[in-house]
Amino acid sequence: MEKPEQHGPRKKLLRALSGEVLDTPPLWMMRQAGRYLPEYRATRETAGSFLDLCFSPELAEEVTLQPIRRFNFDAAILFSDILVVPYALGRDLRFEEGRGPLLEPITAADICSLDRAGFHDRLQPVYETVSRLSNSLPAETALIGFCGAPWTVATYMIAGHGTPDQAPGRLFLYQHREAFEDLMRILSERSAEYLIRQAEAGAEVLQIFDSWSGVLDEESFALACVEPVRHIVTKVREKFPDIPIIGFPKGASEFLEHYREKTGVTALGLDWTVPPNRAKHLANQGCVQGNLDPLRLLAGGSALERGIDAIMSKLSGSPFVFNLGHGILPATPIEHVEAMIRRVRG
Ligand code: CP3
Numbered sequence: 001m002e003k004p005e006q007h008g009p010r011k012k013l014l015r016a017l018s019g020e021v022l023d024t025p026p027l028w029m030m031r032q033a034g035r036y037l038p039e040y041r042a043t044r045e046t047a048g049s050f051l052d053l054c055f056s057p058e059l060a061e062e063v064t065l066q067p068i069r070r071f072n073f074d075a076a077i078l079f080s081d082i083l084v085v086p087y088a089l090g091r092d093l094r095f096e097e098g099r100g101p102l103l104e105p106i107t108a109a110d111i112c113s114l115d116r117a118g119f120h121d122r123l124q125p126v127y128e129t130v131s132r133l134s135n136s137l138p139a140e141t142a143l144i145g146f147c148g149a150p151w152t153v154a155t156y157m158i159a160g161h162g163t164p165d166q167a168p169g170r171l172f173l174y175q176h177r178e179a180f181e182d183l184m185r186i187l188s189e190r191s192a193e194y195l196i197r198q199a200e201a202g203a204e205v206l207q208i209f210d211s212w213s214g215v216l217d218e219e220s221f222a223l224a225c226v227e228p229v230r231h232i233v234t235k236v237r238e239k240f241p242d243i244p245i246i247g248f249p250k251g252a253s254e255f256l257e258h259y260r261e262k263t264g265v266t267a268l269g270l271d272w273t274v275p276p277n278r279a280k281h282l283a284n285q286g287c288v289q290g291n292l293d294p295l296r297l298l299a300g301g302s303a304l305e306r307g308i309d310a311i312m313s314k315l316s317g318s319p320f321v322f323n324l325g326h327g328i329l330p331a332t333p334i335e336h337v338e339a340m341i342r343r344v345r346g
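The numbering used here puts the first residue of the sequence shown at 1, with every later residue one more than the last.
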């Protein structure tokens, strides 16, 4: 397929992110490459471990393309994981079936010995995946690169695994404030470099996933979510002044306006608890992305239809990107995804 012109409008996702109101919104899904797809499960089996899949440019390219071939989404998101950053800083990382990620919990004393020298070498396969994708994607499909926000990445580094409320991370912040701030600085700096390399390799949009920003009080949110992301956005923009950046501070609720204003992100990713009226209000200040409850997609039927209609009726007329309010769940039937796409695209 022909590549689009470099100038002039442009892919649907880029148009919405620059504030344009479209007849139908661009559409993609968080975690769109994943276990709900039989072709993903097949590739995943040949790859060995999940990390082997993330670090194999051929296979990571393949699974990134799978949902594009099947559903023709308006955007592809690089297939990788947010935890490749601590891995590239020398932390031990494994993914166990059914248990999610497992890391060696980091202590305050470990932070100064994070290995920064080999960082980009270890991430080279990811940059290669991005570069391959920028050549293989259809001309109308935007390529999204991403990283985890420092707070969310740190919660896994500190606890060593997922937890329901990130109590270990919060306690670490309160008990080892200086070490915590050092960790935020290192992760912010490295994450910015990581995103810049992805943009150099061909990523056209960047998303910063802060899946755990909703567990923090006001002061901690400013310290652990706003300041690190502000640093990342500032640093990326020094190199790529115009690249759209989507911030997804899941659960940030009351803090969403403050987050957008202080971090300078282009668009706000909204989780499904943000009411359509509030989403509309936020969309008046710039593009928003979201925010269908992934369980509505899993349930299908009228629950799915009502969820889609509530979003579409409020946000049509504003710049917005249709997405889920969090990642698609592995048990989601493919027919429900097809039904969602038909309804959103009309
Ligand atoms: O969106 C995409 O399609 C791109 C790929 C992507 C993955 N993880 C692949 C993945 C992205 C953007 C992520 C982000 C990510 N990873 C986040 C932030 C977004 C969110 O979901 O909150 C977080 C917190 C992680 C850490 C992580 N990785 C967890 C907690 C798990 C286990 C949960 C699970 O679904 O198993 C993973 C593993 C993971 N990352 C899988 C995929 C497809 C499943 C692993 C497998 O295939 O066996």
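Built from N, CA and C at the ideal position, the CB exists for glycine as well.
message = Quick check on this structure: which residue in G19, F79, M30, D165 has the alpha carbon closest to the alpha carbon of W272?
response = M30
request  = Let me know if Y174 comes out buried or exposed under the rule of 16 or more other beta-carbons within 10 Å of its beta-carbon.
outcome  = exposed
ask   = In chain order, which beta strand (DSSP E) runs of at least 3 residues are fully inside the region 72-139?
value = The DSSP assignment places complete beta strand (DSSP E) segments of no fewer than 3 residues inside the region 72-139 at 75-77, 93-96, 100-103, in order along the chain.
query = Of the residues L59, P26, S49, which one's Cα is nearest the Cα of E39?
reply = L59
request  = Would you grab the beta carbon distance between C147 and L183 for me? Rounded to a whole angstrom, and I think it's under 8 Å.
outcome  = About 15 Å separates the beta carbon of C147 from that of L183, a gap too long to meet the 8 Å contact definition.
ask   = Taking DSSP as the reference, what is the three-state secondary structure of F55?
value = Looking at F55 - three-state DSSP - the assignment turns out to be coil, as it is neither helix nor strand.
query = Say the cut is 7 Å; is the CB of M157 nearer than that to a heavy atom of the ligand CP3?
reply = No, the Cβ of M157 stays beyond 7 Å of every heavy atom of the ligand CP3.
inquiry  = Suppose the cutoff is 6 Å on Cβ atoms and the five residues either side in sequence are ignored; what does the same chain contact list for A192 look like?
reply    = Hits under 6 Å: I232, K235, V236.
inquiry  = For a test of your reading of the model: does the CB of D52 fall under 7 Å from any non-hydrogen atom of the ligand CP3? Yes or no.
reply    = no
task = Would you check if there are 3 or more beta carbon pairs closer than 8 Å linking the region 321-335 to the region 13-33?
result = yes
query = The alpha helix (DSSP H) spanning P249 covers which residue range?
reply = From DSSP, P249 is part of no alpha helix (DSSP H) but of the beta strand (DSSP E) over 245-249.
key: Enclosing beta strand (DSSP E) for D210 [first to last residue]   = Its beta strand (DSSP E) spans residues 205-210.
task = Would you mind giving the Cβ-Cβ distance between L93 and L51, rounded to the nearest angstrom? I have them listed as a contact below 8 Å.
result = Going by Cβ atoms, the distance from L93 to L51 rounds to 7 Å, so yes, they are a contact pair.
message = Rounded to the nearest angstrom, what separates G100 and E338 at their Cα positions?
response = So the alpha carbons of these two residues sit roughly 28 Å apart.
query = What is the DSSP secondary structure of L292, reduced to helix, strand or coil?
reply = L292 falls in the strand class under three-state DSSP.
ask   = Excluding five sequence neighbours on each side, which residues of the same chain lie with their C-beta closer than 6 Å to the C-beta of V63?
value = A33, Y40, T43, F79
inquiry  = Looking at L89: is its Cβ nearer than 8 Å to the Cβ of R185?
reply    = no
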